[in-house]
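Top line first, the protein sequences correspond to chains D and C. Residue numbers for the first sequence, in this note's numbering: 23 to 133. Residue numbers for the second sequence, in this note's numbering: 23 to 133. Even glycine gets a Cβ: it sits at the ideal position worked out from N, Cα and C. What follows is one structure encoded as structure tokens, with my remarks underneath.
Protein chains: 2
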Amino acid sequence: MAIHKKEAFSKKEQELAAFAKAIAHPARIAILKILALRNECICGEIVGVLPLSQSTVSQHLKALKDAGLISGSVDGPRSCYCINWKAFDKFNNDFCSLFGKLKKQNAKACC
Amino acid sequence: MAIHKKEAFSKKEQELAAFAKAIAHPARIAILKILALRNECICGEIVGVLPLSQSTVSQHLKALKDAGLISGSVDGPRSCYCINWKAFDKFNNDFCSLFGKLKKQNAKACC
DNA sequence: TTATTTTATCGTATAAATGCGATAAACGAT
DNA sequence: ATCGTTTATCGCATTTATACGATAAAATAA
Numbered sequence: 023m024a025i026h027k028k029e030a031f032s033k034k035e036q037e038l039a040a041f042a043k044a045i046a047h048p049a050r051i052a053i054l055k056i057l058a059l060r061n062e063c064i065c066g067e068i069v070g071v072l073p074l075s076q077s078t079v080s081q082h083l084k085a086l087k088d089a090g091l092i093s094g095s096v097d098g099p100r101s102c103y104c105i106n107w108k109a110f111d112k113f114n115n116d117f118c119s120l121f122g123k124l125k126k127q128n129a130k131a132c133c
Numbered sequence: 023m024a025i026h027k028k029e030a031f032s033k034k035e036q037e038l039a040a041f042a043k044a045i046a047h048p049a050r051i052a053i054l055k056i057l058a059l060r061n062e063c064i065c066g067e068i069v070g071v072l073p074l075s076q077s078t079v080s081q082h083l084k085a086l087k088d089a090g091l092i093s094g095s096v097d098g099p100r101s102c103y104c105i106n107w108k109a110f111d112k113f114n115n116d117f118c119s120l121f122g123k124l125k126k127q128n129a130k131a132c133c
């Protein structure tokens with residue numbers, strides 16, 4: 023019991039779900055917003071802004087990086103992060119190709 | 023410890039995260055796809071298509087309904103579900119207003 | 001070399017999600 | 001009224017996520 027059956031679904035569905043999961047937390051959205059505004063950012067600045075500990079912020083950054091939404095490079099004792107806009111474009115395309123087109127076909131709702 | 027600090031973030035961030043969380047599972051994306059294609063659907067049809075038990079599908083439907091992505095109405099012994107397109111529009115607007123506009127300002131990435 | 005600074009990782013505790021069987025609830029059919 | 005069908009909910013087990021302190025790792029500064 024309690025086996026996760028993600029692999030039983032299509033790759034597109036898994037990819038969309040993975041992206042959504044990456045942004046499915048206010049802290050990670052806040053981090054992305056900071057990165058988008060500043061175009062680049064070191065971990066310490068994010069820690070200073072968010073109401074979370076350094077280790078927790080680092081975990082969220084790792085989650086975003088693992089999902090491919092951001093990229094990071096080491097800069098001396100610091101780590102510089104910035105948004106991977108390609109991932110956002112891909113998500114937008116996939117999301118709209120799934121639901122945007124379908125919406126036009128079926129305008130009315132039954133309930 | 024291990025207190026979830028969602029309330030420490032802005033309402034917009036929480037709403038975006040909540041929507042993302044609702045679609046952060048392949049099964050729920052598959053359900054939404056079915057609903058979008060058929061424009062309406064009863065629970066049993068979804069159970070017949072997905073590789074999940076009836077109770078699990080019902081839970082996913084409840085999650086989507088609680089998040090406001092779908093609406094349901096009782097139809098005799100059945101339950102009819104369909105997509106709430108307004109929620110999708112809102113998500114698209116919020117998502118693009120957060121990241122779409124910012125992208126144009128900062129085209130280049132540092133790392 | 002020895003601190004200091006900055007970030008990542010480990011360990012741990014708690015909360016939430018996932019999945020299913022069993023059962024209840026609601027309605028139609030007989 | 002009874003039975004069958006359909007869906008929702010409960011209970012439980014397992015997995016995953018969240019959060020933090022403590023510590024390790026890496027580079028700079030002294």
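- Here the alpha carbon of residue 83 of chain D sits roughly 11 angstroms from the alpha carbon of residue 64 of chain D.
- Annotation: residue 35 of chain D to residue 51 of chain C spans about 6 angstroms, alpha carbon to alpha carbon.
- If only complete runs of 4 or more residues are kept, the stretch 45-81 of chain C shows the alpha helix (DSSP H) at 48-60, 65-71, in order along the chain.
- A Cβ-Cβ distance of about 28 angstroms is found for the pair residue 62 of chain D and residue 118 of chain D, leaving them out of contact under the 8 angstroms criterion.
- Beta-bridge pairing by DSSP links residue 105 of chain D to D:92.
- Within chain D, the residues 38, 39, 42 have their CB atoms less than 8 angstroms from the CB of residue 45 of chain C, given in chain order.
- A distance below 6 angstroms between beta-carbons, with the five flanking residues on each side excluded, links residue 116 of chain D to the following residues of its chain, in chain order: 38.
- Per the coordinates, the alpha-carbon of residue 100 of chain C lies some 14 angstroms from the alpha-carbon of residue 70 of chain C.
- The Cβ atoms of residue 42 of chain C and residue 45 of chain D sit closer than 8 angstroms to each other.
- Close partners of residue 133 of chain C in chain D (Cβ separation under 8 angstroms): 62, 93, 94, 95, 102, 103, 104.
- By the criterion of a C-beta distance shorter than 7 angstroms, residue 80 of chain D is surrounded in its chain by 65, once the five residues flanking it on both sides are discounted.
- Looking only at C:89, C:133, C:27, C:77, the smallest Cα-Cα distance to residue 112 of chain C is reached by C:89.
- Residue 97 of chain D and residue 32 of chain C have their C-alpha atoms roughly 31 angstroms apart.
- With its beta carbon less than 8 angstroms from one in chain C, residue 74 of chain D belongs to the interface.
- Neighbours of residue 48 of chain C in chain D, taken as residues whose beta carbon is under 7 angstroms from its own, are 28, 31, 35, 36, 39 in chain order.
- With respect to chain D, the C-beta atom of residue 55 of chain C has a partner C-beta closer than 8 angstroms.
- With respect to residue 73 of chain D, residue 28 of chain C sits apart: the two C-beta atoms are not nearer than 8 angstroms.
- Annotation: residue 87 of chain D to residue 106 of chain D spans about 9 angstroms, alpha carbon to alpha carbon.
- One alpha carbon belongs to residue 77 of chain C, the other to residue 68 of chain C, and they sit about 12 angstroms apart.
- Rounded to the nearest angstrom, the gap between the Cα atoms of residue 26 of chain D and residue 40 of chain D is 14 angstroms.
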